[in-house]
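Numbering follows our numbering, with no gaps: position 142 of the sequence shown is 530.
Where a beta carbon is used, it is the ideal one built from N, C-alpha and C, also for glycine.
Okay, so here's the structure we're looking at.
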Amino acid sequence: MVTIPLLNISLVQALLGIGVLASIWYYLTALYSAREFFRWAARQRAAAADPDDAPPGVTVLKPLKGLDVHLYENLATFCRQDYRGRFQLICGVADPADAAAPVVRQLQRDFPGVDIELVIDGHLYGTNYKISNLHNMYRHANHDLIVIADSDIRVQPDYLRRVVAPLRDPNVGMVSCLYKAVRAGGTPTALESLFINTDFATMVMVARKVEKPSYAFGATMAMRRETLDAIGGILAVSNYLADDYYLGHLISRRGLRLVLSDVIVETVLDVGSWTRLLQHQIRWARTYRTVRPGGYFGSVLTHGTLWAVLTLLYYGFSPASVVVAAGVIGLRIAAAALMCFRYLSTDNTRAQMLLVPLKDLFVSTVWLAAFLGNRVKWSGHDFRVLNGGEMVHLTPPLPAWQKPPLLKPTRSAHDSV
């Protein structure tokens with residue numbers, strides 16, 4: 389057995405001790421960071437005021453594929469904005485038969501006062517289909533401020549007004565939003581929501597305290613048109629899996645600030661099955677590993693439940709190990725509950741807090757699986773993720789409607805409804 393002479397303990401004991409202490413430190417830091425974030429957000433809301441001049445026009449791009457759960461209501465929240473400036477909502481699909489298209493047409497009928505456009509365009513420019521969809525929509529954008537938001541995002545009426553406000557500062561290049569999960573039902577969905585609300589959210593809040601933001605989140609990316617064009621447009625990330633990360637990174641490299649808004653949006657989940665949960669978690673983990681390999685490897689030190697279980701097993705469930713493990717897991721559950729109920733006000737139940745340790749062990753397993761390959765499944769297609777974050781196809785051929793000759797773009801606005 390390898391030992392550390394000065395401490396008279398084995399290497400395994402030292403590793404377990406480091407893991408336990410690091411995870412305790414992380415949970416406490418996460419709670420502190422969350423408290424500071426929400427205090428800051430409250431001050432931002434209290435100080436917010438509409439500018440005297442007319443707000444700039446905004447184009448919101450919504451890339452769609454398929455009939456997401458509650459898609460109509462998600463999109464409708466973007467039509468109920470109290471923004472005083474001009475506002476354009478562009479929804480894009482690649483397939484004319486996409487089930488999302490009739491939903492957009494219904495929105496056009498239900499919100500005749502909102503400038504809603506449906507762009508149907510199957511042109512592809514890289515392996516990231518969502519980016520191709522966004523580029524096809526971007527060509528129809530009428531305004532100087534661009535907001536990109538995923539299809540499963542739901543927002544409040546003051547969303548646009550608050551999100552674009554920081555862009556009045558010429559040194560701000562992009563505004564992004566934290567998001568919390570709203571569940572549509574099912575145990576896999578509950579675990580996914582716990583991951584977002586108790587892992588992802590805390591990670592973002594801790595990162596905000598310890599590093600300068602240099603990446604964004606697909607839930608919201610707000611920027612000026614000139615900023616986006618200066619980095620080569622949306623197609624600058626047309627072959628990248630983590631398109632939101634790299635868009636933010638490219639803007640940050642130009643010396644512009646990335647701002648995390650005080651707005652928290654909702655993502656409506658419907659994982660559906662254990663297989664889809666596993667595929668999504670592995671895709672997220674391998675994405676994280678490719679863009680921040682050092683940070684991803686070190687993140688295992690924050691897996692308190694894993695270190696608690698390993699401590700129990702190593703010490704044969706001795707009384708001391710039981711006390712340590714119970715303390716770590718108890719702190720973990722308490723931190724998760726505070727995040728869900730006090731800070732984020734999620735729809736997770738108190739009973740689901742007992743699932744947090746199970747979710748943690750699942751996440752630790754996925755953490756390891758991320759090192760065992762570089763394949764991911766996304767929107768029904770298989771890809772290989774290369775070092776540096778680019779991805780290549782593994783599942784040809786493409787659907788017939790995406791083969792040459794490519795579809796000519798069509799545009800559906802209110803005057804065509």
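Opposing strand residues paired with residue i [DSSP bridges]
i	result
L646	M562
F771	V764 and H781
W412	The residue you asked about is not Trp; residue 412 is Ile in the sequence shown. Answer by DSSP bridge pairing: none, since I412 is not bridged.
K568	E654
D498	None; D498 has no bridge partner.
Y628	E778
F475	V446
P541	Here the sequence assigns Ile to residue 541, which means Pro is not the residue at that position. According to DSSP, I541 bridges with T655.
8 Å Cβ shell around residue i - same chain, five flanking residues per side excluded
i	result
L732	K568, N585, A589 and I652
H802	At H802, the pLDDT of 42 sits below 50, so the modelled position is not reliable; the number obtained from the coordinates is stated separately. Closer than 8 Å at Cβ, skipping near neighbours: Q496, P500, D503 and I504.
T368	In the structure as shown, the chain begins at 389 and stops at 805. Residue 368 is therefore absent and cannot be evaluated.
L522	L449, P451, G480, I536 and I622
F426	Y731
A758	I670, A673, R674, Y676, R677 and Y684
N516	V625, S626, N627, Y628, L629, D631 and M779
A442	R472 and G473
G405	I397
L700	S709, V710 and A713
Y460	V491, Q494 and L495
T417	V594 and K597
Close Cβ partners of residue i (< 6 Å) along its chain, the five nearest in sequence each way excluded
i	result
K765	Q667
A696	A713, V716 and I717
P554	V560, V563 and V647
V592	L566
L794	Low local confidence applies: a pLDDT of 43 at L794 is under 50, so the model's placement there is unreliable, with the coordinate-based value given in what follows. The answer, listed in chain order, is G510 and H511.
S411	T690, G692 and W695
S804	The predicted model places S804 with a pLDDT of 35, which falls under 50 and marks its position as unreliable; any figure quoted below should be read in that light. Taken in chain order, the list of residues that qualify is empty.
K791	Its pLDDT being 45, under 50, K791 is placed unreliably by the model, and the measurement read from it follows with that caveat. For K791, where only same-chain residues beyond five positions count, there are no Cβ hits under 6 Å.
A788	Only weak support is given to the placement of A788: the predicted model assigns it a pLDDT of 48, under 50, and the value that follows is read from those uncertain coordinates. So the list is empty, once near-sequence residues are dropped.
Beta-carbon separation (whole angstroms), residue i vs residue j, contact threshold 8 Å
i	j	result
V563	V551	6 Å
P558	L665	That belief does not hold up - the Cβ atoms of P558 and L665 are roughly 43 Å apart, past 8 Å.
A488	G445	With 8 Å as the limit, A488 and G445 do not qualify as a contact, their Cβ atoms being about 25 Å apart.
L782	D770	4 Å
R556	V656	The Cβ separation is near 30 Å, so there is no contact.
Y702	V408	That belief does not hold up - the Cβ atoms of Y702 and V408 are roughly 11 Å apart, past 8 Å.
Endpoints, beta strand (DSSP E) assigned at residue i
i	result
K450	V446 to P451
C467	Element bounds for C467: not the beta strand (DSSP E) but the alpha helix (DSSP H), L459 to C467.
F605	Counting along the chain, F605 falls outside any beta strand (DSSP E), and DSSP gives it neither H nor E.
D483	Looking at the DSSP string, D483 is not in any beta strand (DSSP E), and its letter there is neither H nor E.
I536	L533 to I536
Of the listed residues the options, nearest to residue i (C-alpha basis)
i	options	result
R582	I406, L548, L404 and T737	For the sequence presented, residue 582 should be read as Leu rather than Arg. Of the candidates I406, L548, L404 and T737, the one whose C-alpha sits nearest the C-alpha of L582 is T737.
S687	T655, D658, N627 and V594	V594
L749	Q669, R613 and S709	Q669
G573	D617, V457 and E654	V457
Y420	D658, A673 and R596	R596
D470	V446, D617 and L548	L548
W755	T575, T675 and A708	T675
E580	V446, H531, G682 and G660	G660
D546	S767, V711 and D650	D650
N528	T515, V507 and R474	A small fix is needed here, since residue 528 is His in this sequence, not Asn. Minimum Cα distance to H528 is reached at V507.
G473	N524, I519 and H531	H531
S752	A673, P576 and G620	A673
T734	L533, R433 and R571	R571
H637	W662, R680, I406 and L459	R680
V491	A464, F475 and A482	A464
L477	F729, Y526, R556 and Y702	Y526
A482	V400, K518, R556 and W428	K518
F605	E654, V598 and G620	E654
A402	L698, E599 and R431	L698
Contacting residues, own chain, Cβ-Cβ under 7 Å from residue i (five flanking each side not counted)
i	result
M741	I721, A724 and A725
A537	V448, K450, A607 and T608
Y415	G692, L719, R720 and A723
V744	L582, T586, R720, I721 and A724
Y634	V625, Y628 and G777
M727	A422, N585, T586, A589 and T590
N524	G480, V507, D509, H511 and P797
Alpha helix (DSSP H) segment containing residue i, residue limits
i	result
E599	Note, E599: premise wrong, no alpha helix (DSSP H); not H, not E.
G715	P707 to A725
A673	W662 to V679
V552	Y547 to V552
A610	From DSSP, A610 is part of no alpha helix (DSSP H) but of the beta strand (DSSP E) over M609 to R612.
M525	Y517 to Y526
F583	T575 to F583
V751	V744 to A757
G361	Since the displayed the chain opens at 389 and closes at 805, residue 361 lies outside it and no answer follows.
Within-8 Å CB hit, residue i to chain D
i	result
F729	Among the protein chains of the structure shown there is no chain D, as only one such chain exists.
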